[in-house]
Amino acid sequence: MRDGGEALWAAGMEVVRKLKEAGFEAYLVGGCVRDRLLGRPLHDVDIATSARPDEIAATFARTIPTGLAHGTVTVLENGRTFEVTTYRTESGYSDARRPDRVDFVSDIREDLARRDFTCNAMAAGLSGEWIDPFGGRSDLAARVIRCVGSAEQRFGEDALRMLRALRFAAELDLTIPPSVWRAIRKQAPRLRFVAMERIGAEWDKMMGGAGPDRANGLLARSGLLSWLKEPLPETVSA
């Protein structure tokens with residue numbers, strides 16, 4: 005689905021339109037909104053909605069129940085697939101990776117508040133409105149990556165987010181502020197609880213992205229490599 009972005013964005017908005025016509029709120033969210041602001045190509049589009057999973061499925065002719073426990077339904081429209089997820093909050097994270105509890109909510113801002121970084125906590129609506137309660141747009145303009153709320157809490161919930169912070173900084177040429185560095189160093193030991201296949205997937209994205217050399221340097225500086233269950237291939241030493 006690498007079409008430069010305009011057609012994919014429009015197709016996602018068509019899904020939003022159908023949900024709104026059915027009586028629900030819906031927005032494009034996350035990485036596609038970030039990349040749209042940065043003028044980067046879009047490779048997928050995610051949608052958040054006030055509709056519950058059964059209501060999403062009833063709105064579209066073709067759907068796949070890909071993650072009902074977490075509110076996600078895959079919608080097939082015009083030869084494309086879109087992950088459509090009910091607004092939700094998350095809590096628990098006893099395995100340092102996934103939430104123990106998911107609760108559906110009715111406010112897009114509550115949904116955005118559970119996300120990792122401010123640049124990923126924005127939403128775009130059908131009428132051109134942008135919802136940005138945590139300053140993601142201004143952070144992108146300042147070329148910094150910040151967490152939604154407390155960085156230490158975000159990394160404590162999901163330890164993989166520490167690697168994601170480094171990946172986004174390298175890929176998007178963003179600066180990591182001191183508060184985020186401090187949180188990474190404090191929460192680094194939690195990375196030992198994350199499965200290597202998850203870590204390996206992040207590593208592959210780092211090495212296949214726009215700034216692999218910088219990603220390597222950030223990894224070495226972070227101290228995260230000392231807490232991996234297994235060494236990564238062809239990486240620098242900690």
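Residue numbering for the sequence shown follows this note's numbering, beginning at 5 and increasing consecutively. Every residue gets a Cβ at the ideal spot worked out from N, C-alpha and C, and that includes glycine. Remember, predicted model here, so these are calculated numbers, not experimental data.
| Query | Result |
| --- | --- |
| Are the C-beta of R202 and some C-beta of chain D separated by less than 7 Å? | Although the question refers to chain D, the structure presented lacks it and comprises just one protein chain. |
| Quick check on D107: does DSSP put it in helix, strand or coil? | strand |
| Enumerate in chain order the residues of its own chain whose CB-to-CB distance from R113 is below 8 Å, with the five nearest sequence positions on each side excluded. | I135 and P137 |
| For D162, count neighbouring C-beta atoms within 10 Å of its own C-beta (all shown protein chains included) and say buried if the count is 16 or more, exposed if not. | buried |
| Return helix, strand or coil for R196, following the three-state DSSP convention. | helix |
| Taking the DSSP output, what are the residues bridged to R84? | E81 |
| Whose CA, out of T53, S183 and A14, lies closest to the CA of N82? | A14 |
| Do three or more CB pairs link the stretch 39–46 to the stretch 66–76 at distances below 8 Å? | no |
| Closest to G215 by CA distance: which of V198, G227 and T179 is it? | T179 |
| If you reduce the DSSP assignment to three classes, tell me which class R225 lands in. | helix |
| What is the DSSP secondary structure of R158, counted as helix, strand or coil? | helix |
| Do the CB positions of G9 and L32 come within less than 7 Å of each other? | no |
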